[in-house]
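Enquirer: Oh and the sequence shown: position 4 is 4 in the numbering used here, straight run, nothing missing.
Just so you know, even glycine gets a beta-carbon here, dropped at the ideal spot from N, CA and C.
Below: one structure in C-alpha cells.
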Amino acid sequence: MGSGQLIADPFLGFMRKVFWSDGMPTLQDGIFIATWTLQHAIDVNAGGVNGPIQLAVLKNEKSGPAAKMLTQDEMDEHQQNVSGAMEHLRQYMETVAGRSSEAIPDLPKFSPNH
Numbered sequence: 001m002g003s004g005q006l007i008a009d010p011f012l013g014f015m016r017k018v019f020w021s022d023g024m025p026t027l028q029d030g031i032f033i034a035t036w037t038l039q040h041a042i043d044v045n046a047g048g049v050n051g052p053i054q055l056a057v058l059k060n061e062k063s064g065p066a067a068k069m070l071t072q073d074e075m076d077e078h079q080q081n082v083s084g085a086m087e088h089l090r091q092y093m094e095t096v097a098g099r100s101s102e103a104i105p106d107l108p109k110f111s112p113n114h
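Below, the structure is given as C-alpha cells:
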C-alpha cells in the first residue's frame, strides 16, 4: 500500500509467477522478494519511495505472534542476494545473446540463519 503499490503489485505478481507458481514462498524467500520489490520501487519511483529499506517479519512463536525488525546486517545480506540475482540475469542475457562464452554462475545461497 502507499505510493509504491502501483509499482510493487505487478512486480510481486511477476516474482510469484517466476518463483512460486505452485505454492507459497518460505519466510526467507519472502524477505528476499520483499527486499527486491522495495528496491525496485525505490529505483523506478525515486520521488515517491525512498530508502533505506526497513523490513519486519511476523512469526508465530509458542507464545503467539511476534514481530521482529531485521537488523542492518540481515538487510545487507538480502540486498547482496538481490544484487547477485540481478547480476545472474545480466549474465544469462549475455550468454543467450552470444556475447559471452562463460558459464552462468550459481546464485548466492540464502543463509538459513536469517
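#1: If you follow the beta strand (DSSP E) that M69 is part of, which residue opens it and which one closes it?
#2: Does the Cβ of V18 have 16 or more other Cβ atoms within 10 Å, making it buried, or fewer, making it exposed?
#3: Considering only C-alpha positions, which residue in the set M24, A41, G30 and T35 is nearest to P10?
#4: Would you list the residues sitting across from A41 in a DSSP beta bridge?
#5: Taking 7 Å as the cut-off, decide whether the C-beta atoms of S83 and G48 are in contact.
#6: Taking the C-alpha atoms as reference points, what is the distance between Q28 and M75?
#7: Just mark N117 as buried or exposed, buried being the case when its beta carbon has 16 or more other beta carbons within 10 Å.
Expert: Reading it off the structure:
#1: For the purposes of this step, residue 69 is identified with residue 69 of the sequence shown, where counting begins at 1. Note, M69: beta strand (DSSP E), G64 to M69.
#2: In the sequence shown, residue 18 corresponds to position 18, counting from 1. Counting Cβ neighbours within 10 Å, V18 comes out exposed, since fewer than 16 surround it.
#3: Counting from 1 along the sequence shown, the entry for residue 10 is found at position 10. Checking every option, the nearest Cα to that of P10 belongs to A41.
#4: The residue you call residue 41 lines up with position 41 of the sequence shown. According to DSSP, which records beta bridges pairwise, A41 is partnered with nothing at all.
#5: For this step, residue 83 is matched to residue 83 along the sequence shown. For this step, residue 48 is matched to residue 48 along the sequence shown. Cβ atoms of S83 and G48: not closer than 7 Å.
#6: Sequence index remark: in the sequence shown, residue 28 carries index 28 (1-based). Sequence index remark: in the sequence shown, residue 75 carries index 75 (1-based). Between Q28 and M75, the C-alpha separation is close to 12 Å.
#7: This structure does not reach residue 117, given that the chain is present from 1 up to 114, and the question cannot be answered.
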